[in-house]
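Q: Chains E and S supply the protein sequences, listed in that same order.
First residue of the first sequence? That's 13 in this note's numbering, and the numbers climb one at a time after it.
First residue of the second sequence? That's 312 in this note's numbering, and the numbers climb one at a time after it.
Even for Gly, the Cβ is constructed at its ideal location relative to N, Cα and C.
Since this is a predicted model, take the numbers as computed values, not measurements.
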Amino acid sequence: MSHQDLSDELFRTRRLRPYLITGGRTEPRIDLPIETIVRTTPEGTAMLSTLNHESEAVVMLCVAPQAIAEIAARLHVPLQVARVLVGDLVSSGHVAVNEPIAPDRPQVHLLERVLEGLRTL
Amino acid sequence: MIWRNDRSRGGDSTTDLATPGPSDTPAPPVAPHSAPPLPVKIVIAGGFGAGKTTAVGAISDIAPLTTEAAMTTESIGIDRIGSGQSKRSTTVAFDFGRVQLSTDLMLYLFGSPGQDRFRFLWDELLKGAIGAVVLVDTTKFEESFGAVSHLERSGVPFVVVINPFDGNLAHHPDAVREALDLPMTIPVLVADARDRNAVKGVLMALVRHAMACVTARPG
Chain E
13 MSHQDLSDEL FRTRRLRPYL ITGGRTEPRI DLPIETIVRT TPEGTAMLST
63 LNHESEAVVM LCVAPQAIAE IAARLHVPLQ VARVLVGDLV SSGHVAVNEP
113 IAPDRPQVHL LERVLEGLRT L
Chain S
312 MIWRNDRSRG GDSTTDLATP GPSDTPAPPV APHSAPPLPV KIVIAGGFGA
362 GKTTAVGAIS DIAPLTTEAA MTTESIGIDR IGSGQSKRST TVAFDFGRVQ
412 LSTDLMLYLF GSPGQDRFRF LWDELLKGAI GAVVLVDTTK FEESFGAVSH
462 LERSGVPFVV VINPFDGNLA HHPDAVREAL DLPMTIPVLV ADARDRNAVK
512 GVLMALVRHA MACVTARPG
């Protein structure tokens with residue numbers, strides 16, 4: 013199935029009932045901040061056949077690592093739906109996520125890196 | 312692939328194969344299975360029409376994307392929008408973009424509506440954020456009050472930016488500072504949200520301010 017077909021199907025599903033594709037669940041298995049970057053694991057692409065269409069779309073999308081917010085936007089599903097799908101895919105080993113950064117504000121050394129990155133844009 | 316040909320937003324010649332159709336802009340190519348960059352985020356706040364999406368789009372590597380968040384049952388209780396509504400009945404759409412700062416650092420910029428009733432989204436976006444930029448439309452000061460109060464209460468570093476529409480600076484920064492009752496420690500800047508360099512300058516000012524806040528933090 014092509015990306016276009018997958019996305020079209022997701023879009024139709026979503027119009028019907030957004031949380032149908034998560035089995036009605038609205039909370040992911042793990043804490044996934046909106047900026048969490050998701051990447052497909054080498055095993056993930058090899059295990060596509062075990063997945064439903066929606067999860068397959070996430071795995072194919074995240075071959076190019078991207079944030080939870082991007083997954084939701086690109087697949088036209090609400091944020092929480094993307095979270096639940098990704099949470100399940102982390103558990104099954106199809107995708108991996110970066111370690112969440114400290115829950116408080118970023119520290120000075122990280123801010124310095126951000127500033128340097130902005131300066132060189 | 313049909314979607315490649317009917318994209319209306321031009322200027323992006325990426326050859327990335329992993330992005331599906333309906334989004335407007337494919338993700339820039341990233342080596343498959345490489346270590347993903349560390350994400351950091353900044354929230355761009357402001358009332359309707361203040362230029363949030365314009366500012367995000369001015370500096371983002373991708374054309375701004377839109378997603379929607381559903382209000383949780385708990386938030387609905389706080390918000391008093393009806394009672395007994397299902398979770399998907401109240402949603403808010405918001406735009407965002409991203410800027411690759413280095414091979415191992417990705418900055419996400421989230422535009423957030425300033426209204427109090429979208430507080431649930433605010434809290435989510437501000438959690439762990441570097442800080443926030445409040446875009447002020449000087450013809451509608453009152454739309455900035457909610458965002459400024461909320462940021463002051465939550466202790467999130469922020470800067471206030473006057474977006475001079477059509478080059479017309481309706482209010483001097485000092486007047487804006489006074490109108491919003493901002494202490495001298497909060498930077499008030501003037502920047503055209505359409506101008507990439509101006510937006511870059513604002514983000515750098517915010518990061519510097521955030522660094523000063525960290526340094527000034529007791530303990």
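Check whether the region 461-476 of chain S and the region 511-529 of chain S are in contact - that is, three or more C-beta pairs closer than 8 Å.
A: yes
Q: By the 8 Å beta-carbon criterion, what residues does the region 79-92 of chain E contribute toward chain S?
A: Ala79, Ala81, Glu82, Ala84, Ala85, Arg86, Leu87, His88, Pro90, Leu91, Gln92
Q: Whole-angstrom Cβ separation of E/Thr53 and E/Gly129, contact assumed at under 8 Å?
A: In fact, because the Cβ distance is near 27 Å, the residues do not count as touching under 8 Å.
Q: Suppose the cutoff is 7 Å on Cβ atoms and the five residues either side in sequence are ignored; what does the same chain contact list for S/Ala509 look like?
A: Ala502, Asp503
Q: Suppose you measure from the CA of S/Ala440 to the CA of S/Ala486; what does that come to, to the nearest Å?
A: Going from the Cα of S/Ala440 to the Cα of S/Ala486 covers about 28 Å.
Q: Measure how close the beta-carbons of S/Ala573 and S/Leu500 come, nearest whole angstrom, since I'm counting them as under 8 Å.
A: An answer regarding residue 573 of chain S cannot be provided, because it is not within the stretch 312 to 530 covered by chain S.
Q: My output table needs one value for S/Asp485: the three-state DSSP class, helix, strand or coil.
A: Looking at S/Asp485 - three-state DSSP - the assignment turns out to be helix.
Q: Straight-line CA distance for E/His88 to S/Leu493?
A: 39 Å
Q: Can you give me the Cβ contacts of S/Leu432 inside the same chain, cut-off strictly under 7 Å, excluding the 5 residues immediately before and after it?
A: Result list for S/Leu432: Ala380, Val403, Phe405, Ser423, in chain order.
Q: Taking S/Arg519 as the query, report the chain E residues whose CB atoms sit under 9 Å from its CB, ordered along the chain.
A: Leu123, Leu127
Q: Go to E/Ile33, then tell me how far its beta strand (DSSP E) extends in each direction, as first and last residue.
A: Unbroken run through E/Ile33: none, as it is neither H nor E.
Q: Quick one: which chain E residues come within Cβ less than 9 Å of S/Lys511?
A: Per Cβ cutoff of 9 Å: Leu130, Arg131, Leu133.
Q: Since S/Val487 meets chain E, which of its residues come closer than 8 Å, beta carbon to beta carbon?
A: Chain E residues near S/Val487: none, gap ~24 Å exceeds 8 Å.
Q: If you reduce the DSSP assignment to three classes, tell me which class E/Gly99 lands in.
A: helix
Q: What is the DSSP secondary structure of S/Arg320, reduced to helix, strand or coil?
A: Reliability fails at S/Arg320, whose pLDDT of 37 lies under 50, so the model's placement of it is uncertain and no value is given.
Q: Rounded to whole angstroms, what is the Cα-Cα separation between S/Gly360 and S/Asp448?
A: 8 Å
Q: Is E/Asp43 a contact residue of the ligand HEM, with contact defined as CB to any heavy atom under 6 Å?
A: With respect to the ligand HEM, the structure offers nothing, as it holds no ligand at all.
Q: Assuming contact is defined by CB atoms lying nearer than 7 Å, are S/Gly362 and S/Lys451 in contact in what I supplied?
A: no
Q: So what does DSSP say about S/Glu406, is it helix, strand or coil?
A: Checking the sequence, you will find Asp at residue 406 of chain S rather than Glu. In the structure shown, S/Asp406 sits in a strand (DSSP, three-state: E or B).
Q: Taking only runs of the beta strand (DSSP E) that begin and end inside the region 437-515 of chain S, which ones reach a length of at least 3 residues, in chain order?
A: 442-447, 469-473, 499-501
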